[in-house]
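Numbering-wise, the sequence shown is residues 134 to 380 according to the numbering used here.
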Amino acid sequence: MCGRYARRSDKQKIAEHFAVHGPSLPDFGPSWNVAPQTFQPVLRLNRDTGEREIVMMRWGLVPYWAKDPKIGLRTINAKAETITTAPAFREGIKYRRCLVPADAFYEWQKLNTNTKQPFAIALKSGEPYAFAGLWERSKDRKAAADLLTFTVITTDPNEVVQRLHDRMPCIIAKRDYDRWLTPGDPLRPPVDLLRPFDAEKMTAWRVDAKVGNVKYDTSDLIEPVSMSTGEVQKADGEVPRPGSLFP
134 MCGRYARRSD
144 KQKIAEHFAV
154 HGPSLPDFGP
164 SWNVAPQTFQ
174 PVLRLNRDTG
184 EREIVMMRWG
194 LVPYWAKDPK
204 IGLRTINAKA
214 ETITTAPAFR
224 EGIKYRRCLV
234 PADAFYEWQK
244 LNTNTKQPFA
254 IALKSGEPYA
264 FAGLWERSKD
274 RKAAADLLTF
284 TVITTDPNEV
294 VQRLHDRMPC
304 IIAKRDYDRW
314 LTPGDPLRPP
324 VDLLRPFDAE
334 KMTAWRVDAK
344 VGNVKYDTSD
354 LIEPVSMSTG
364 EVQKADGEVP
374 RPGSLFP
């Protein structure tokens with residue numbers, strides 16, 4: 134499951150990384166504690182121009198046929214293994230694929246019955262990256278307007294994540310952005326891209342437990358901390374090896 138992530142890149146950096154060109158971008162800033170049911174920038178292809186665009190969508194996919202929008206509380210993630218058969222996602226994988234910009238995601242390692250230690254997982258390079266996602270357009274009956282929502286696809290964990298959780302978000306390599314976004318043959322969606330990301334390119338580090346509370350959204354949430362004291366560790370310029378901060 135991926136239920137929390139961080140996006141420290143501003144909209145200009147995201148537009149540059151994802152090669153989004155256009156007269157305007159939606160107004161959004163960094164967020165170090167992205168939670169379900171919040172509106173976040175999502176990358177898709179414009180229906181009319183075929184160009185990449187950034188659109189604000191709510192996290193938690195609401196299928197067009199759903200009568201109750203609360204279904205979005207249960208659809209923040211979609212399993213890669215059942216993406217082509219699950220009713221909520223089988224049309225989206227054919228026609229409505231998207232990329233979800235992020236700089237890190239959080240997972241919690243269970244230490245004992247009552248204690249979990251949160252970790253941030255990111256690329257060693259420090260670059261932004263993209264989760265594989267699906268988006269949907271449904272009717273917001275309260276607002277009498279269309280509601281745009283998205284889900285993050287998950288897969289088996291790689292060596293960095295497996296000590297924390299049994300799932301991880303599918304990360305699409307930059308070279309595969311076009312292939313993931315381009316509609317292509319709906320009977321042959323690019324599900325081969327839905328695999329664990331290369332562990333040698335990723336790293337994990339402990340972060341403050343307050344990341345578990347959605348009311349906190351500050352840059353210190355993504356800073357490494359000492360497990361024994363909870364204090365922020367001083368950066369020494371060395372990029373940790375995968376798993377090097379695990380107990």
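Glycine is no exception: its CB is placed at the ideal position from the N, C-alpha and C atoms. Since the model is a prediction, treat every value here as computed from it, not as a measurement.
If we ignore side chains and look at the alpha-carbon of each, how far apart do M335 and P196 end up?
-> 33 Å
Between the C-alpha atoms of Q145 and T246, what's the straight-line distance to the nearest angstrom?
-> 43 Å
Relative to the C-alpha of K343, which residue among N179, R140 and W241 is closest?
-> Minimum Cα-Cα distance from K343 among the listed residues N179, R140 and W241 corresponds to W241.
Can you list, in chain order, the residues of its chain whose CB lies under 6 Å from that of R111, leaving out five sequence neighbours each side?
-> The requested residue 111 is not part of the displayed model; the chain covers only 134 to 380.
Buried or exposed by the 16-neighbour rule on C-beta atoms within 10 Å, applied to T248 = Flag for T248 reads exposed.
Pick out the complete alpha helix (DSSP H) segments inside the stretch 258 to 317, 4 residues or longer, and give them in chain order.
-> 310 to 314
Looking only at DSSP bridge pairs, what is Y349 linked to?
-> Y349 pairs with nothing; no bridge assigned.
Contact belief for L194 with A221 at Cβ below 8 Å, rounded distance in angstroms | Yes, L194 and A221 are in contact; Cβ-Cβ is about 6 Å, under 8 Å.
Is the number of C-beta pairs between the stretch 202 to 216 and the stretch 286 to 294 that are closer than 8 Å three or more?
-> yes
Could you work out which residue in N166, R229, D160 and G259 is closest to P322 when comparing CA atoms only?
-> R229
Counted within 10 angstroms of its Cβ, other Cβ atoms place N179 as buried (16 or more) or exposed = exposed
Consult DSSP for T215 and reduce its assignment to one of helix, strand or coil.
-> If DSSP states are grouped into helix, strand and coil, T215 belongs with the helices.
Alpha-carbon to alpha-carbon, R339 and A253 = Their Cα atoms are separated by approximately 6 Å.
Would DSSP call Y228 helix, strand or coil?
-> helix
Taking Cβ to Cβ, would you say W192 is nearer than 8 Å to A265?
-> No, Cβ-Cβ distance for W192 and A265 is not below 8 Å.
Please state whether DSSP places K144 in a helix, a strand or coil.
-> helix
Going by the CB atoms, is the gap between M189 and P174 shorter than 8 Å?
-> yes
Output the boundary residues of the beta strand (DSSP E) element that contains L178.
-> Taken as a continuous stretch (DSSP letters only), the beta strand (DSSP E) holding L178 covers F172 to L178.
Ends of the beta strand (DSSP E) at F151?
-> Note, F151: premise wrong, no beta strand (DSSP E); not H, not E.
Comparing alpha-carbon positions, which option in H150, S258, T351 and D143 lies nearest K332?
-> Just to set this straight, residue 332 is Ala in the shown sequence, not Lys. The shortest Cα separation from A332 among H150, S258, T351 and D143 belongs to S258.
Helix, strand or coil: which one does DSSP assign to I355?
-> helix
Specify the secondary structure class of K200 as computed by DSSP and reduced to three states.
-> Correct three-state label for K200: coil.
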